[in-house]
Amino acid sequence: MGSHSVEDIKRASRGLRGSMVESLADAHTGELREADQRLVKFHGSYQQDDRDLREARRLARLEPAHAFMIRIRTPGGVVTPSQWLQLDDIATRYAERGLRITTRQTIQFHGVVKHELKATMQAINAALIDTIAACGDVNRNVMVAANPLQSQTHAQVYAQAAALSEHLLPRTRAYYEIWLDEQPVAGTPRVEEPLYGEAYLPRKFKIGFAIPPSNDVDVLANDLGFIAILDADGGLAGYNVSAGGGMGASHGDPATYPRLADVIGFVTPEQVTALAEAVIGTQRDHGDREVRKHARLKYTIDDRGLAWFVAEVERRAGFALAPPRPFGFSHNGDRFGWVEGDDGRAHLTLRITAGRIEDAAGSRHQTGLRELAGLLAAVDGTQLRMTPNQNLVVAGVPAALRARVDELLTGFGLDGYRHASPLRRNALACVALPTCGLAMAEAERYLPTLLDRVETLLSSHGLLDAPIHLRISGCPNGCSRPYLGEIALVGKAPGRYNLMLGADHRGQRLNTLYRENITEPDILGALDPLLARYAAERDAGEGFGDFLVRVAVVVPPKRIPLQLAAEEQS
C-alpha cells in the first residue's frame, strides 16, 4: 500500500471511522479490510499474524493466524494498583503471553483475536484507561521520567504531561462509537480536528518529558522534548525544548537515518501547550505526505533548516523562545532497588526483562505482580510506574510495608535486579518475531541468549560489573532505541544483524555502524578484542561507548546536535 493511498484513506475515513464496524462484524475472516488496518492504528491497535505459523498455514491453504496487538495510553506510565489488577485480568482473558511493558511506558497486549477485540477495548475502558492515539499518525503516548528520587517534581511534570496528552487527542468520536457503542446524536455537526485536520499528521509524533540528571526517556530521541529545569529553590522553573529526534531508518536508504533532537530554547510551564501545538501544526502543514519514510519531523527540520523551523514555531506559538538554560544528564538507565523519595515514601524499581510479564519457563512474574497490586490496592498514594526502559517502579510504598513487599517479590522471583549484571539490568529489546510484521530478525526472544553470551565475554575480561548499555532491535525502525546503545544489534535477516557501537550512556550521542550483516559468532568475535582493550586501557569511570570514541575505534556521527552536554555544565 503506497504512502499516497494512506493519505487518501485518512481523508476519506469520516473521522477515523472507515468501515471498521463492518470489518469487525465479518465472521468469515480474522482480518480487517485493508483500509481499516490503517485506521485501527489510530484506535490503539495493530493487526498482526503469527509468523511462526505463516508458512504452515499457507501450505494448508489457510489465511494467516491473524490477531491484534492493543496498546494502551498511559501518560508517564502511571497506573494505580487497582488498574493493574484490571489490566492483568484483561491479559488473562483475552491476550497471549501476559502483559508487556513497552519502551514508551505503556502496556501492550498481544494475540487478541478479532471477535474479542471490542470486548477487550471495553474492558480497558472499564479500567478508566483508553487506547486512543496509542498508535497512528498522531501524538503517541507521552513519556515522563519515572524518577523515583524527586517525587514532588515528578508529580508536577507528570500532571503537565498527562494534561498535554489529553489536550492533543483527536477530537473525533469514532473511538467511542465503534468500541463503546456511543450513539451519534442526530443533527450534531461533524466534529472537526482543529489541530490535526482531516488527514492528521504525515507520520507518528512522540513527546517526552525528562527530569535531569536522569535521561531515562531518551528525550533527544523524541520529535518534541521537554527537559525540566528547576529553580534555586527546587521548584519547576520551566523546560528546555528539544525538537527533531527520531530513531527510525531503513536499511540501504541513506535518505533515512536516526537523529537526535536539537535543544532550541526554554519555555515556562504555562507555554508548554501552545508550544506543542505550534510544533505539531508546523509538522502537519510542512511534513512530507508523499514519502512516508521521509515524513517524520526530523526530516522536515533537516530539509528546511533549523532556523526556519524555530522561526515558524515561534510565529505560530505567538512568543519567542527564551535561550536554553544549563542542564546535565548523568545516565539514561533506571535506578534499581529501593530509593527514598522526597515525599517520605520509598520507591522500588524492578527489572523486567524485555518488559515481558508472564508466568512461563518456571517463573511466576505475572502472578507475583498480581499479588503485589492486590497488596497495594488498599494503600492510598501507591502507584505502579512503567519506565521507558521496560521496567516497573513500585512507587509510594510506606515504610511499614517495605518488608512485606520485599518478601512477596522474592517469593515470586521478581528480585532479579539484586543479582543481575548491569548489562542485563539495562538491556532493551523490541518485540520483533513472531508478531511484528516489520521484524527481520529476533529481538525479545533472542535477548536472554545474547545476554548470556556477552556476559561470558565480560566475565573473561573482568568487566561483569561494567555498566554497559546493550540494545537489540529486530529491524532498523528502532523501537528499542538501538541507536542509543553502547552496543546494539539491528536486525538484517534471520540470525543476522548490524553491530552498532559507540553511543554514550546519557542519550546524547548516537552509535555508528561497526560491522554489517553478521551472525552471532562474528558479533562475539568483534566484541571480544574491544572489551579486552577496554578492560586494559579505560580511564576511571569511562563508559564503553566513550572509550571506543576516545581511542577512535568508532567515529561518532558528524552531525552534533545543538545541546548542552553534561560535561559542559559541570
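Quick note on numbering: UniProt numbering labels position 152 of the sequence shown as 152, and the sequence is numbered without any gaps.
For each residue, glycine too, the CB sits at the ideal point set by N, CA and C.
Bear in mind the structure is a predicted one, so any value in this text is a computation, not a measurement.
Burial state of residue 495 is exposed, judged by a 10 Å Cβ sphere holding fewer than 16 other Cβ atoms.
The beta carbons of residue 300 and residue 281 sit about 12 Å from each other, so the pair does not count as a contact at 8 Å. By the Cβ test, the segment 250-263 is in contact with the segment 214-225, since at least three Cβ pairs between them sit closer than 8 Å.
Within 10 angstroms of the beta-carbon of residue 459 lie fewer than 16 other beta-carbons, which makes it exposed. Secondary structure at residue 154: helix, using DSSP grouped into helix, strand and coil. The Cβ neighbour count for residue 452, taken over all protein chains shown within 10 Å, is under 16; the residue is labelled exposed. Rounded to the nearest whole angstrom, the C-alpha separation of residue 8 and residue 119 is 30 Å. Taking C-beta atoms under 8 Å as the contact rule, residue 209 and residue 134 fail to qualify, at a distance of about 18 Å. Here residue 152 is exposed: its Cβ has fewer than 16 other Cβ atoms, across all protein chains shown, within 10 Å. Its Cα nearest to that of residue 103, the residue 429 stands out among 184, 131 and 429. 492 is the residue among 530, 492 and 539 whose C-alpha sits nearest the C-alpha of residue 516. Burial state of residue 198 is exposed, judged by a 10 Å Cβ sphere holding fewer than 16 other Cβ atoms. A buried status is given to residue 219, since no fewer than 16 other beta-carbon atoms sit within 10 Å of its beta-carbon. Cα atoms of residue 127 and residue 270: separation of roughly 31 Å, rounded to the nearest angstrom. Residue 311 places its beta carbon 8 Å or farther from that of residue 265. Of 551, 328, 130 and 60, the smallest CA-CA separation from residue 508 is found for 328. For the segment 27-78, the continuous beta strand (DSSP E) assignments of 3+ residues that do not extend past its boundaries occur at 45-49 and 66-71, in sequence order.
For residue 183, no beta strand (DSSP E) segment is defined, and its DSSP state is neither H nor E. Residue 92 and residue 107 have their alpha carbons spaced roughly 14 Å apart.
By the Cβ neighbour-count rule, residue 184 is exposed, with fewer than 16 other Cβ atoms within 10 Å of its own.
In the three-state reduction of the DSSP assignment, residue 125 falls in the helix class, which pools H, G and I. Taking C-beta atoms as the reference points, residue 427 and residue 474 fail to come closer than 8 Å.
Judged by DSSP in its simplified three-state form, residue 277 adopts helix. As for any beta strand (DSSP E) of minimum length 3 sitting wholly inside the segment 77-112, the runs are 96-101 and 107-112, ordered along the chain. Nearest in C-alpha terms to residue 531, of all of 471, 373, 484 and 464, is 464. Beta-bridge pairing by DSSP links residue 265 to 241.
Scanning its chain for C-beta atoms nearer than 6 Å, with the 5 sequence neighbours on each side dropped, one finds around residue 549 the residues 502 and 556, in chain order. With a contact defined as Cβ atoms closer than 8 Å, residue 504 and residue 334 miss out at about 17 Å.
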